[in-house]
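Residue numbers for the sequence shown, in this note's numbering: 1 to 258.
Glycine residues also receive a C-beta, built at the ideal position from the N, C-alpha and C atoms.
Working notes for the structure below.
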Amino acid sequence: MDSHKTSHEPALSRLVTTRRAAIFAGGATAAALLAACGDSGSKEGGKASDSGGSDATPTLPEPTQSAAVSVPFDESKPYLEFNPDSKGPTVELLVDYRCPHCKLFAEAQDKDIRELVEKGYINYRVYPRPMLDKRTGLTFSNDTASAVVASWVEDPKLFWDMNEAMFALQPESPEDPTPDTAEVAEAAVKAGASEEVKNAVLDEKYRDYVATIEEVGQERQVGTPTVYIDGEEWMGDGEKPGTLKADLVKAIIAKAKK
């Protein structure tokens, strides 16, 4: 019996060692991506925010519009913009569609952001960055950012659906395969874009443009997601629903009183 058991121990040992190595590698990849995104979804070490600390909801002024006003694509600007003439605060978001924290941020905050955008309460600028491609050695960040830009060029009304579709492509775990360029292009079509957008992604038409967006992130020395309200970095918990809206409502009301 003992000799039979011993004959299987080397193979079993190799199996356990291999599995541990795979788990460690996957965990290391996940940790690297999370670290590369930035500090975390919550920036508790920075400026304090009392978002969500009160049950009272301040009353917003009457909305100035019933639908978002989008700015046609301008290659000289490293962002996609809604409501340029809004009298409310300017809100900037630096985002990478491969960043796990960005996906959690979108799940927690996008509904509120969209509501404020569509009612004209804020000027909203989105910077789709290809930041994590250098970390992963892949092109997913570039491909998804390019898809969002290409769809904006076609029709800015596609933005929210495209934004959601690109996050939906993000692998759920390090062991899952990352979609390639063709899969990203196909997902853009399924989200409502045309074959022209698909071809723009496949042909890397906006690769140089999104590279200029990444330069902005590097110049500011921030990760993703990063939010600015009138040029000041927001330090709230981006993964907790309602936190950003609470601070934006305060900013909107403060501007309306000026």
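With 16 other CB atoms within 10 Å as the buried threshold, where does Pro241 fall? That one is exposed.
Which word fits Ser141, buried or exposed, when buried means at least 16 other C-beta atoms lie within 10 angstroms of its C-beta? Buried: at least 16 other Cβ atoms inside 10 Å.
Could you tell me which residues DSSP puts in a beta bridge with Leu80? Leu80 pairs with Val126.
Considering Cα atoms alone, identify which of Ser146, Phe105, Ser66 is closest to Tyr79. In terms of Cα proximity to Tyr79, the closest of Ser146, Phe105, Ser66 is Ser146.
Distance, Pro177 Cα to Glu115 Cα: Just so you know, the alpha carbons of Glu115 and Pro177 end up roughly 34 Å apart.
Residue range of the beta strand (DSSP E) that includes Val69: From DSSP, Val69 is part of no beta strand (DSSP E); its letter is neither H nor E.
Could you check where the alpha helix (DSSP H) with Asn116 kicks off and where it finishes? Reading the sequence as shown, one finds Leu at residue 116 and not Asn. Looking at the DSSP string, the run of the alpha helix (DSSP H) that includes Leu116 is 100-118.
Kindly give me the distance between the Cβ atoms of Phe73 and Trp160, rounded to whole angstroms, as I take these residues to be in contact under 8 Å. Not confirmed; about 17 Å, so no contact.
Given a cut-off of 8 Å on the beta-carbon distance, is the pair Ile253 and Pro89 in contact? For the 8 Å CB-CB criterion, Ile253 and Pro89 do not form a contact.
With a threshold of 16 other CB atoms inside 10 Å of the CB of Thr212, please say whether the residue is buried or exposed. Looking at its Cβ environment, which holds fewer than 16 other Cβ atoms inside 10 Å, Thr212 is exposed.
Could you tell me which of Tyr206, Tyr124, Met131 sits nearest to Glu215, measuring between CA atoms? Ranking Tyr206, Tyr124, Met131 by Cα distance to Glu215 puts Met131 first.
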